Amino acid sequence: MFSVGGSVYSGRGVTYTYMPDKVLEHARNVTIHLHHHIAKYVKIQLHFADRWIMISEVTFESGTSESKNS
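If you read the sequence shown in the UniProt record's numbering, its first letter stands for residue 1, the second for the next number, and so on.
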């Protein structure tokens, strides 16, 4: 979900389903496209099939907006 001010988040979000890999237990890159949503804050909810998940090196590629909302 996305927010401009950080207190109110839009109800619309991005749903992404990653193909499960039950054979290899190696690290892998996952890229999720945010489809040009305008926000200063991003709330992420992750659901996974095991007891643990390791997340590292989260990056966002961003740019300036031409919108009047920014």
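Just so it is clear, CB atoms sit at the ideal spot from N, CA and C, and this is done for glycine as well.
Since the structure is predicted, the reported quantities are computational estimates derived from the model, not experimental observations.
Under 8 Å: do the region 34 to 49 and the region 7 to 23 share three or more Cβ pairs, one atom per stretch? Short answer: they touch.
Relative to the C-alpha of LEU34, which residue among PHE60, ARG28, GLU66 is closest? Closest option to LEU34, Cα to Cα, is PHE60.
Can you pull the DSSP bridge partners for TYR41? Within the DSSP secondary-structure output, TYR41 pairs in a beta bridge with SER3.
ILE53 to LYS43, Cα distance in whole Å? The alpha-carbon atoms of ILE53 and LYS43 are separated by roughly 17 Å.
Sort GLU25, HIS26, VAL23, GLN45 by Cα distance to VAL14 and report the nearest one. Taking only the C-alpha atoms, the option nearest VAL14 is GLN45.
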